[in-house]
Amino acid sequence: MGSDHHHHKDWRTDGVQVIPGDRLDPNTAQTPGMNRATAINRARAGAEKIWAGTVHIHPDAKTGAHHHGDLESVIYVVKGRARMRWGENLEFVAEAGPGDFIFVPPFVPHQEINASADETLECVLVRSGQDPVVVNLDIEPVEKPEAVKWIDPIHRE
Numbered sequence: 001m002g003s004d005h006h007h008h009k010d011w012r013t014d015g016v017q018v019i020p021g022d023r024l025d026p027n028t029a030q031t032p033g034m035n036r037a038t039a040i041n042r043a044r045a046g047a048e049k050i051w052a053g054t055v056h057i058h059p060d061a062k063t064g065a066h067h068h069g070d071l072e073s074v075i076y077v078v079k080g081r082a083r084m085r086w087g088e089n090l091e092f093v094a095e096a097g098p099g100d101f102i103f104v105p106p107f108v109p110h111q112e113i114n115a116s117a118d119e120t121l122e123c124v125l126v127r128s129g130q131d132p133v134v135v136n137l138d139i140e141p142v143e144k145p146e147a148v149k150w151i152d153p154i155h156r157e
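Taking the UniProt record's numbering, the leading residue of the sequence shown gets 1, the next gets one more, and so forth.
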């Protein structure tokens, strides 16, 4: 009783997998200014519903504006300081540090920025789907080295 479904899978080969950090695959969709590497996807681990990997953003580097289609993204900051800009004109900004999680809903135009001038920003990235959708947008990035004026939602056009 109940042991039936165990015969369909060999848990030794179809069970838990550990993917070493030095075995990630850099052959995934890229955005200028950042390095993405795949840890877990269908090809590498047999995952059906999620994608996971790492992102490294160089000191002072900023990505181009982009979105990820209908995918939800979760970013976990391991090391460094992340500044996120988002919106139709990238008019909103928030920062995150080690231990913080960032959630990016589907279709949100955004830009990832390393807020540190001398430390690489290291993040873990998890997405809700397999397709490495990266739609690079033609938005003039608003990010400058100076402090950015926050425009609250009430005063937006």
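All C-beta atoms in this analysis are idealised placements derived from N, C-alpha and C, irrespective of residue type, glycine included.
The structure displayed is predicted, hence computed values, not measured ones.
| Item | Value |
| --- | --- |
| Within the chosen definition, does the segment 126-137 reach the segment 66-75 through at least 3 CB pairs nearer than 8 Å? | yes |
| Bridge partners of S73, per DSSP? | V104 and R127 |
| Just how far apart, CA to CA, sit A61 and N114? | 6 Å |
| Are the CB atoms of V74 and G97 nearer to each other than 7 Å? | no |
| Looking at C-alpha atoms only, which residue of V55, R127, H56 and D118 is the closest neighbour of E48? | R127 |
| Taking the alpha-carbon of W110 as reference, which of A39, L90 and P26 has the nearest alpha-carbon? | One detail in the question is off: residue 110 reads as His in this sequence, not Trp. Of the listed residues, the one whose Cα sits closest to H110 is L90. |
| Could you compute how far the alpha carbon of Y86 sits from the alpha carbon of V104? | This sequence places Trp at residue 86; Tyr is not what is there. C-alpha separation (whole angstroms): 9 Å. |
| Three-state secondary structure (DSSP) at H58? | coil |
| On the criterion of 16 or more Cβ atoms from any shown chain inside 10 Å, does K144 qualify as buried, or is it exposed? | Confidence at K144 is low in this model, with a pLDDT of 45, below 50, so its placement is unreliable and the value that follows should be read with caution. Result: exposed. |
| Classify N27: buried if its beta carbon has 16 or more other beta carbons within 10 angstroms, exposed otherwise. | exposed |
| Please report the residue range of the beta strand (DSSP E) in which T38 lies. | M34 to I40 |
| Alpha carbon to alpha carbon, how far is A52 from N35? | 14 Å |
| According to DSSP, simplified to helix, strand and coil, what is R85? | strand |
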